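To keep things clear, I will list the structure first and then write my remarks on it.
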Amino acid sequence: MRLDAHELGTVLGIWAHPDDEAYLSGALMAASVDDGRRVVCVTATKGEAGFPDDDGRTADERRMLRVTECAASMEILGVAEHHWLGYSDGGCHLIDPAVPVAKLAALIDEIRPDTVLTFGPDGMTGHDDHMAVSRWATLAVRRTAATSTSDGTPHRTPPRLLYATKTQDWNERFGAHIALDAIMMVEGMTPPAVEPEQLAIWFRPDTALLDRKVRALRAQSSQVDPLYRALGDAAFHDLTAEEFFRDASFEDWR
350 MRLDAHELGT VLGIWAHPDD EAYLSGALMA ASVDDGRRVV CVTATKGEAG FPDDDGRTAD
410 ERRMLRVTEC AASMEILGVA EHHWLGYSDG GCHLIDPAVP VAKLAALIDE IRPDTVLTFG
470 PDGMTGHDDH MAVSRWATLA VRRTAATSTS DGTPHRTPPR LLYATKTQDW NERFGAHIAL
530 DAIMMVEGMT PPAVEPEQLA IWFRPDTALL DRKVRALRAQ SSQVDPLYRA LGDAAFHDLT
590 AEEFFRDASF EDWR
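Adding 349 to a residue's 1-based position in the sequence shown gives its number in my numbering.
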């Protein structure tokens with residue numbers, strides 16, 4: 350069943366790097382905030398690896414820059430609750446998942462979200478961090494859905510777990526500007542594509558909300574400006590104007 354983007358209840362987003370949340374769910378988060386809903390974002394790393402090889406800043410300086418940019422982006426979207434898991438960028442797949450899964454399960458116990466947004470098992474681009482975070486989030490949701498909260502209080506209903514995805518039409522439009530293999534982390538992999546009727550959410554914000562999302566993205570300029578310049582303003586708006594999610598299934602992360 351297709352969800353109304355304005356009826357997601359309390360929203361918890363679980364992502365790998367700063368800017369993941371804005372690209373994939375920025376408009377949804379802002380719309381939920383505007384509707385008076387609680388929105389919480391969790392980011393696993395501070396994105397220190399997301400710079401060119403010749404960048405002269407230290408890892409700590411890169412982390413500080415990305416934290417500052419992310420805070421500015423969140424402020425534009427209206428998201429006031431943000432948690433960092435504090436893991437090293439590029440190393441999430443090397444971590445024993447028991448620890449982050451326990452952290453996320455505790456947050457779910459505390460927040461009691463109605464909707465959890467994260468990557469699918471494909472990680473969108475095949476990025477190891479994205480796929481690890483997808484697994485952690487999925488296991489945490491399943492754990493909290495199967496048990497009572499840590500203080501013994503039963504959940505009213507388990508959160509609905511949604512995975513970010515794309516459509517073939519979107520992939521083709523993006524590919525007309527940027528070669529898809531330039532953004533994929535696994536050779537020969539193509540971005541996920543779901544038939545429109547399989548989407549749980551297909552959100553197309555109005556002009557004002559899209560402009561706000563683009564401003565939030567551009568606040569993370571160290572990451573977004575190269576793509577913005579490559580696409581140009583019109584194409585950048587077009588390609589960030591839709592947000593797609595599918596329901597998680599029992600086949601995911603079995």
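C-beta: ideal position from N, C-alpha, C; glycine also.
This structure is a prediction, so every number in the text was calculated from the model and none was measured.
How would you call Thr-516, buried or exposed, if buried means at least 16 neighbouring beta carbons within 10 angstroms?
Thr-516 comes out buried.
Given this structure, state the Cα-to-Cα distance separating His-431 from Phe-468, to the nearest angstrom.
If you draw a straight line from the Cα of His-431 to the Cα of Phe-468, it comes to about 18 Å.
Could you work out which residue in Ala-371, Ala-590 and Leu-510 is closest to Trp-519 when comparing CA atoms only?
The shortest C-alpha separation from Trp-519 is found at Ala-590.
C-alpha distance - Ala-408 paired with Arg-351, whole-angstrom precision
In a straight line, the C-alpha of Ala-408 is about 42 Å away from that of Arg-351.
Ile-460 - containing alpha helix (DSSP H), residue span:
447-460 is the extent of the alpha helix (DSSP H) around Ile-460.
Taking 8 Å as the cut-off, decide whether the C-beta atoms of Ser-422 and Ala-565 are in contact.
Yes, Cβ-Cβ distance for Ser-422 and Ala-565 is below 8 Å.
Going by C-alpha to C-alpha distance, which of Leu-456, Arg-567 and Glu-592 sits closest to Val-543?
Of Leu-456, Arg-567 and Glu-592, the residue nearest in Cα terms is Glu-592.
Alpha-carbon to alpha-carbon, Gly-440 and Asp-384:
Cα to Cα, the separation comes out at about 36 Å.
For the stretch 546-582, list the alpha helix (DSSP H) runs that are entirely contained and at least 4 residues long, ordered along the chain.
If we require 4 residues or more, the alpha helix (DSSP H) runs fully inside the stretch 546-582 come out as 556-567 and 570-580.
Quick one: which unbroken alpha helix (DSSP H) runs of 4-plus residues sit fully inside the stretch 458-495? Chain order, please.
DSSP runs (the alpha helix (DSSP H)) wholly in the stretch 458-495: 472-475 and 477-495.
By DSSP, does Ile-444 sit in helix, in strand, or in coil?
Under the three-state reduction of DSSP, Ile-444 is assigned to coil, being neither helix nor strand.
Residues near Asp-463 by beta carbon distance below 8 Å, same chain, minus five either side:
Leu-357, Gly-358, Thr-359, Val-360, Thr-506, Pro-508 and Arg-509, listed in sequence order.
Please go through the same chain and pick out, in chain order, the residues whose beta-carbon is closer than 6 Å to the beta-carbon of Phe-585, but skip the five residues on each side of it.
Leaving aside the five residues that flank Phe-585 on each side, the residues in its chain whose CB is nearer than 6 Å to its CB run, in chain order, Tyr-577.
Pair every Cβ in the stretch 471-479 with every Cβ in the stretch 540-554, then say whether three or more of these pairs are closer than 8 Å.
The way I'd put it, the stretch 471-479 does touch the stretch 540-554; three or more beta-carbon pairs between them come closer than 8 Å.
From the DSSP output, which residues share a beta bridge with Arg-595?
By DSSP's assignment, Arg-595 forms a beta bridge with Tyr-512.
Could you spell out where the beta strand (DSSP E) holding Glu-430 opens and where it closes?
Looking at the DSSP string, the run of the beta strand (DSSP E) that includes Glu-430 is 430-436.
When we look at the beta-carbon of Asp-369 and count the other beta-carbons within 10 Å, is it buried (16 or more) or exposed?
It is buried - the Cβ of Asp-369 has at least 16 other Cβ atoms within 10 Å.
Going by DSSP, what residue range makes up the beta strand (DSSP E) through Arg-392?
In the sequence as presented, Arg is not what sits at residue 392; that position holds Thr. Boundaries of the beta strand (DSSP E) harbouring Thr-392: 388-394, taken from the DSSP string.
In whole angstroms, what separates the C-alpha of Ser-483 from that of Thr-556?
About 30 Å.
So, are the CB atoms of Ala-489 and Ala-513 less than 8 Å apart?
No; because the gap between Cβ atoms is not below 8 Å, this pair is not in contact.
In three-state DSSP terms, what is Gly-358?
Annotated three-state conformation of Gly-358 is coil, per DSSP.
Relative to the C-alpha of Trp-364, which residue among Met-533, Asp-404 and Lys-395 is closest?
In terms of CA proximity to Trp-364, Lys-395 leads the group Met-533, Asp-404 and Lys-395.
Using the C-alpha atoms, what's the distance from Leu-434 back to His-442?
Taking the straight line joining both Cα atoms gives about 14 Å.
Output yes or no for whether 8 Å exceeds the beta carbon distance between Leu-511 and Ile-550.
Cβ atoms of Leu-511 and Ile-550: closer than 8 Å.
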